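One structure is given here, and the rest of the page talks about it.
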Amino acid sequence: MIGFAIRRLAALVLTLLAASIVVFLALELLPGDAAQLLLGTEVRPDTLAALRSQLGLDRPAPVRYLEWIGGLAVGDLGISQVYRVPIWEMVRDRLAVSLPLAVLAFVLSTLIALPFGIAAAIRRGRVTDVLVMGFAQIGLAIPNFWFGILLILLFAVQLGWVGAGGFPGWQDGLRPGLQALILPALALALSEAAILSRMVRASMLETLGEDYVRTARAKGLSTRRIVVGHALGNAMIPIATLMGLQFAFLVAGAVIVENVFYLPGLGRLLLQAIFERDLILVRDLVLLLSGFVVLLSFLVDIAYGVIDPRLRRSGG
Amino acid sequence: MKKMFGACLIGAALGLTALSGAAHAKTGATLAITLEPPHLDPTAGAPAAIDEIVYANVFEGLTRIDSQGLVKPGLAERWVIENDGLTYRFILREGVTFHDGATLEASDVKFSFERAVAEASENAQKGLFSAIDSVEAPDDRTVILKLNRKEGLLLWNLGWGDAVIVDPASAETNKTNPVGTGPFKFEDWARGDSIKLVRNPGYWGKASSLERVTFKVIDDAAAQVAALLAGDVDAIPNIGAPETVAQFEADPRFAVLKGTTEGETILSMNHRRPLLQDVRVRKAIQHAIDRKAIVDGAMFGFGTPIGSHFAPHSPAYTDLTGVTPYDPAKAKALLQEAGVAEGTKLVLKLPPPTYARRGGEIVAAQLAEVGFEVEQIPVDWGQWVSEVFKGEHDFDLTIVSHTEPLDIGIYARDEYYFGYENPAFKELMAKIDGVSDPAQRNTLYKEAQRILADDAVNGFLFQLAKVAVIRKELKGLWTNAPIQANDLTAARWE
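Sequence lines, in order, name chains A and B. Letter by letter, the first sequence follows residues 1 to 316 of my numbering. Letter by letter, the second sequence follows residues 1001 to 1494 of my numbering.
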């Protein structure tokens, strides 16, 4: 198990190093720079040159790459070129929105998908199955931002229960924060739940067709004991993979829903940083997010090892 | 919660779509802004988003530009112009303090202006100060500006956000903690979410009746509308979804203010391209364009067609839309005369704003009518600046709104992005610089507009409108935008 974890960890570091080179080079090709955008079209050339030099934009690319990586290695994310504040502060503030939002959406999605998927698998071809599959179809077909707008129109504009968006922060306790996140979490959870419940159903159906399940049935075990005691664990492997991917997506990819609910999350920060050519910020964010995704898949791999002992021996 | 639920049901049943605005003794106001500023120092950067928050609210200059675009006294109570327009003597108001308690003195003005043009300065508009030779502060309340040439626009220039007066003690930290002299003090900035200002009780002028002002960053136009409907914000000073205005006009809870801006929205042509050097081709392009169709189609009717590069609300404006009116037949004839083949390709680069992306679709269709094949390329501002505005000037056409006030002078610049070179026009602009008599200036400006229209330098489309949607009880916001600002000095609930 330890050897397995070390191998995965080494792969993780290499992946991040490769990602850092790719993101650095890709951003080098992007036309325009932060100094020009900050100073606009009427600025004098010497003023522009001074700011570029102050931001370090005039130094050669390899130097900037090494400075960046060197800083990261000692935990220094650098200073935003546009906002002039430490990047870790910005990331910390945005994570306070993005992480709880992702967790909330993830929990909602799982709470919907697991029972739905299992019920549909057990009652395959019956009304429950048709209803669940119908829900999954609709959930997949509705874009999450549009569902978000519908939620706003109903709960914020018509009923006035919650605000239309924004985030008040956590300093006044859990309630205002959760109130601000519940609609966006629902908007995000719908399509994730739809995808997940289909996966749960398919995976359960496959497991329920296995010989050992037939044996268990033959021994006269109840459906509940078969599902919980025998089938679910084996069905969980593909489900856990998907859930890992989904959680990564919810943290990094919620940008459209963040826009609809004007939440100060990571996705919106990344988008803004790209438009403003705040390259250090973009690089840090992309690397942090890819690090997060890689770490998550590492954890999923470890989880496989726990779920399925055979993987530990074969080395995954 | 149950009680609330019931109340809401009843409300819904009665057809009241929102309860939040029903009864308020409101003391604060929340405004939706589209772009978050990078920082809050108006003397160190070009983004309009900075001025939209701090201009006149947090920072003030010697003069100020009012809602009608007129120059009014600001921190200078009065001034005298001496020495044939080469010396300006300003007398500062008494009892003005910065938000950190420091008293405003003439030396602060000297500091601010010298800082603005210093080598290390990040001021994006150093040109505003180019006529100033020296700044003197003979006593605490007197500032003397000595000019190296006559500058008819000096008082106007000093009213810009780039020329506000800062305190030497806080100048370096204004980006994150702005300290000015205005009616509101900076309180808090939750990045990505909102910026809060709070009333300055020690303001030299009439204190604001608003205790607090919050600017909420909402980039999505539909989300702004939802936030206003839900009562989360009280005003959208510059609505990005003109298609929703009719809905607000029909709603008694809201007032719609339709005003003008300094934004001449033009179809810029690259004069470096041989094809577009030919005035017949440029005229053909202008003739092919139906300005009204663009205003209606792209802006839902908001915007005034223009025939040259000047704002229609200006006293110096002259309507030249008749010089090259919409006339596809004439456009085709001109193209034939110039020997332009059917199917000639043009590259149209479109920056992100609605006016460009939606306007571009219509312009492309209209140019196709007269035989051009237009390739539309959407770009973001970073690309636009580096590909179109600077560098190789790699474009044939682009649509952009020139939002600087009174910026017809760009046509006299050497090597400007559209590459128009006309010595006669440059001469005329130099002449205007030396004239301070308004009537005489206006006559010369009209002459300048005429030259641009006759030369069909660019496709002149329309003047960008400012459309604000505001809760009906919130008064005192600007209708027009002679500069890009949300001056809340006079904002109040009624």
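By construction, the Cβ of each residue, glycine as well, lies at the ideal position given by its N, Cα and C atoms. Treat the numbers as computed from the prediction; the structure is a model and nothing was measured.
Note to self: Which residues in chain B have a C-beta closer than 8 Å to the C-beta of residue 259 of chain A? List them in chain order.
What the structure shows: The residue you call residue 259 of chain A lines up with position 259 of the first sequence. The contacting residues are 1219, 1220, 1223.
Next item on the list: Within 10 angstroms of the Cβ of residue 1316 of chain B, are there 16 or more other Cβ atoms? Answer buried if so, exposed if not.
Entry: Taking the second sequence and counting its residues from 1, one reaches residue 1316 of chain B at position 316. So residue 1316 of chain B counts as buried.
Next item on the list: Flag residue 1353 of chain B as yes if its beta-carbon sits less than 7 Å from any beta-carbon of chain A, otherwise no.
Entry: Mapped onto the second sequence, residue 1353 of chain B falls at position 353. No - not a single Cβ of chain A is within 7 Å of the one on residue 1353 of chain B.
Item checked: residue 1448 of chain B versus residue 1154 of chain B: straight-line alpha-carbon distance, rounded -> The residue labelled residue 1448 of chain B in the question sits at position 448 within the second sequence. The residue labelled residue 1154 of chain B in the question sits at position 154 within the second sequence. Distance between the alpha carbons of residue 1448 of chain B and residue 1154 of chain B: 20 Å.
Item checked: Beta-carbon proximity check, residue 1051 of chain B vs residue 1205 of chain B, cutoff 7 Å -> Residue 1051 of chain B sits at position 51 when you count from the first residue of the second sequence. Residue 1205 of chain B sits at position 205 when you count from the first residue of the second sequence. Contact flag unset, no.
Notebook entry, point to check: According to DSSP, is residue 1462 of chain B helix, strand or coil?
Noted result: Locating residue 1462 of chain B in the second sequence gives position 462, where the first residue counts as 1. If DSSP states are grouped into helix, strand and coil, residue 1462 of chain B belongs with the strands.
Margin query: Would you say residue 1162 of chain B lies against chain A (beta-carbon separation less than 7 Å)?
Written below: As a working note, residue 1162 of chain B is residue 162 in the second sequence. Not one chain A Cβ lies under 7 Å of residue 1162 of chain B.
Check: Going along the chain, which unbroken runs of the beta strand (DSSP E) with 3 or more residues stay wholly within the segment 1123-1150 of chain B?
Finding: 1132-1139, 1142-1147
Notebook entry, point to check: Is residue 1493 of chain B helix, strand or coil by DSSP?
Noted result: Taking the first residue of the second sequence as position 1, residue 1493 of chain B is located at position 493. Three-state DSSP puts residue 1493 of chain B in a strand.
Check: Within the 7 Å Cβ cut-off, does residue 175 of chain A reach chain B?
Finding: Position 175 of the first sequence holds residue 175 of chain A. Answer no: the Cβ-Cβ gap between residue 175 of chain A and chain B never drops below 7 Å.
Notebook entry, point to check: Would DSSP call residue 1481 of chain B helix, strand or coil?
Noted result: Counting from one through the second sequence, the residue named residue 1481 of chain B turns up at place 481. Note: residue 1481 of chain B maps to strand in three-state DSSP.
Next item on the list: Give every residue of the same chain whose Cβ lies closer than 7 Å to the Cβ of residue 1133 of chain B, excluding the five residues on either side of it in the sequence, and list them in chain order.
Entry: In the second sequence, the residue the question calls residue 1133 of chain B occupies position 133. For residue 1133 of chain B, where only same-chain residues beyond five positions count, the Cβ hits under 7 Å are 1146, 1147, 1148.
Check: On the three-state DSSP scale, how would you describe residue 212 of chain A?
Finding: Position 212 of the first sequence, counting from 1, holds the residue named residue 212 of chain A. The answer is helix: DSSP assigns residue 212 of chain A an H, G or I state.
Notebook entry, point to check: Name the chain A residues that come within less than 7 Å of residue 1404 of chain B, Cβ to Cβ?
Noted result: As a working note, residue 1404 of chain B is residue 404 in the second sequence. Here the neighbours are 42.
Checklist line | Three-way DSSP call (helix, strand, coil) for residue 1294 of chain B in this model | finding: Taking the second sequence and counting its residues from 1, one reaches residue 1294 of chain B at position 294. Residue 1294 of chain B falls in the helix class under three-state DSSP.
Next item on the list: Tell me whether the beta-carbon of residue 34 of chain A lies closer than 7 Å to the beta-carbon of residue 278 of chain A.
Entry: Taking the first residue of the first sequence as 1, we reach residue 34 of chain A at position 34. Taking the first residue of the first sequence as 1, we reach residue 278 of chain A at position 278. Contact flag set, yes.
Item checked: Whole-Å CB distance - residue 1031 of chain B paired with residue 1230 of chain B, under 8 Å assumed -> Stepping through the second sequence from its first residue, residue 1031 of chain B is reached at position 31. Stepping through the second sequence from its first residue, residue 1230 of chain B is reached at position 230. With a Cβ gap of about 15 Å, residue 1031 of chain B and residue 1230 of chain B do not count as contacting.
Note to self: List, from N- to C-terminal side, the beta strand (DSSP E) runs of 3 residues or more that fit wholly inside the segment 1239-1305 of chain B.
What the structure shows: 1254-1269
Check: How many angstroms separate the CA atom of residue 16 of chain A from the CA atom of residue 1378 of chain B?
Finding: Looking up residue 16 of chain A in the first sequence gives position 16. Looking up residue 1378 of chain B in the second sequence gives position 378. Answer to the nearest angstrom: the Cα atoms are 32 Å apart.
Check: When the cut-off is 7 Å and only beta carbons count, does residue 1045 of chain B lie next to chain A?
Finding: Sequence index remark: in the second sequence, residue 1045 of chain B carries index 45 (1-based). Yes - at least one Cβ of chain A is within 7 Å of the one on residue 1045 of chain B.
Check: Taking the continuous alpha helix (DSSP H) assigned at residue 1332 of chain B, which residues delimit it?
Finding: If you number the second sequence from 1, residue 1332 of chain B lands on position 332. Start and end: 1328-1337.
Next item on the list: Would you mind telling me which residues of chain B sit closer than 8 Å to residue 39 of chain A, beta carbon to beta carbon, in chain order?
Entry: Looking up residue 39 of chain A in the first sequence gives position 39. The answer, in chain order, is 1045, 1046, 1122, 1124.
Check: If we ignore side chains and look at the alpha-carbon of each, how far apart do residue 1402 of chain B and residue 1462 of chain B end up?
Finding: Stepping through the second sequence from its first residue, residue 1402 of chain B is reached at position 402. Stepping through the second sequence from its first residue, residue 1462 of chain B is reached at position 462. Distance between the alpha carbons of residue 1402 of chain B and residue 1462 of chain B: 11 Å.
Notebook entry, point to check: Within 7 Å (strictly less), CB to CB, does residue 316 of chain A reach chain B?
Noted result: The count along the first sequence starts at 1 and reaches residue 316 of chain A at position 316. Caution applies to residue 316 of chain A, whose pLDDT of 39 falls short of 50 and renders its modelled position unreliable; the value that the coordinates give is listed next. Not an interface residue.
Notebook entry, point to check: Since residue 85 of chain A meets chain B, which of its residues come closer than 7 Å, beta carbon to beta carbon?
Noted result: Position 85 of the first sequence holds residue 85 of chain A. Chain B residues near residue 85 of chain A: 1176.
Next item on the list: Verify whether the separation of the beta carbon atoms of residue 1261 of chain B and residue 1466 of chain B is less than 7 Å.
Entry: Counting from 1 along the second sequence, the entry for residue 1261 of chain B is found at position 261. Counting from 1 along the second sequence, the entry for residue 1466 of chain B is found at position 466. Yes, they are a contact pair.
Next item on the list: Give the range of the alpha helix (DSSP H) segment to which residue 1225 of chain B is assigned.
Entry: Along the second sequence, read from residue 1 onward, the residue named residue 1225 of chain B stands at position 225. Unbroken alpha helix (DSSP H) run through residue 1225 of chain B: 1221-1229.
Next item on the list: Express the C-alpha separation of residue 1207 of chain B and residue 258 of chain A in angstroms, rounding to a whole number.
Entry: Numbered from 1 along the first sequence, position 258 holds the residue referred to as residue 258 of chain A. Numbered from 1 along the second sequence, position 207 holds the residue referred to as residue 1207 of chain B. So the alpha carbons of these two residues sit roughly 37 Å apart.
Item checked: the segment 74-87 of chain A in contact with the segment 279-293 of chain A per 3-pair CB rule at 8 Å -> yes
Item checked: Contact list for residue 93 of chain A against chain B, beta-carbon separation under 7 Å -> Taking the first sequence and counting its residues from 1, the one referred to as residue 93 of chain A is at position 93. 1191, listed in chain order.
Next item on the list: Could you name each continuous beta strand (DSSP E) segment of 3 residues or more that falls completely within the segment 1350-1395 of chain B, going from the start of the chain to the end?
Entry: 1372-1378
Next item on the list: Could you work out which residues of chain A lie near residue 1302 of chain B, taking near to mean beta carbons separated by less than 7 Å?
Entry: Reading the second sequence from its first residue, position 302 is the one you call residue 1302 of chain B. The premise fails here: residue 1302 of chain B is roughly 23 Å from chain A at the closest Cβ pair, so nothing lies under 7 Å.
Notebook entry, point to check: Based on Cα-Cα distance, which residue from A:98, A:216, A:90 lies nearest to residue 263 of chain A?
Noted result: The residue labelled residue 263 of chain A in the question sits at position 263 within the first sequence. The option with the nearest alpha carbon to residue 263 of chain A is A:98.
Notebook entry, point to check: beta strand (DSSP E) containing residue 1059 of chain B: first to last residue?
Noted result: Here the question's residue 1059 of chain B lines up with position 59 in the second sequence. Residue 1059 of chain B -> no beta strand (DSSP E), and no H or E assigned at all.
Next item on the list: Take residue 1456 of chain B as the anchor and find which of B:1414, B:1059, B:1325 has the nearest alpha-carbon.
Entry: For the purposes of this step, residue 1456 of chain B is taken as residue 456 along the second sequence, with counting starting at 1. Residue 1456 of chain B has its Cα closest to that of B:1325, out of B:1414, B:1059, B:1325.
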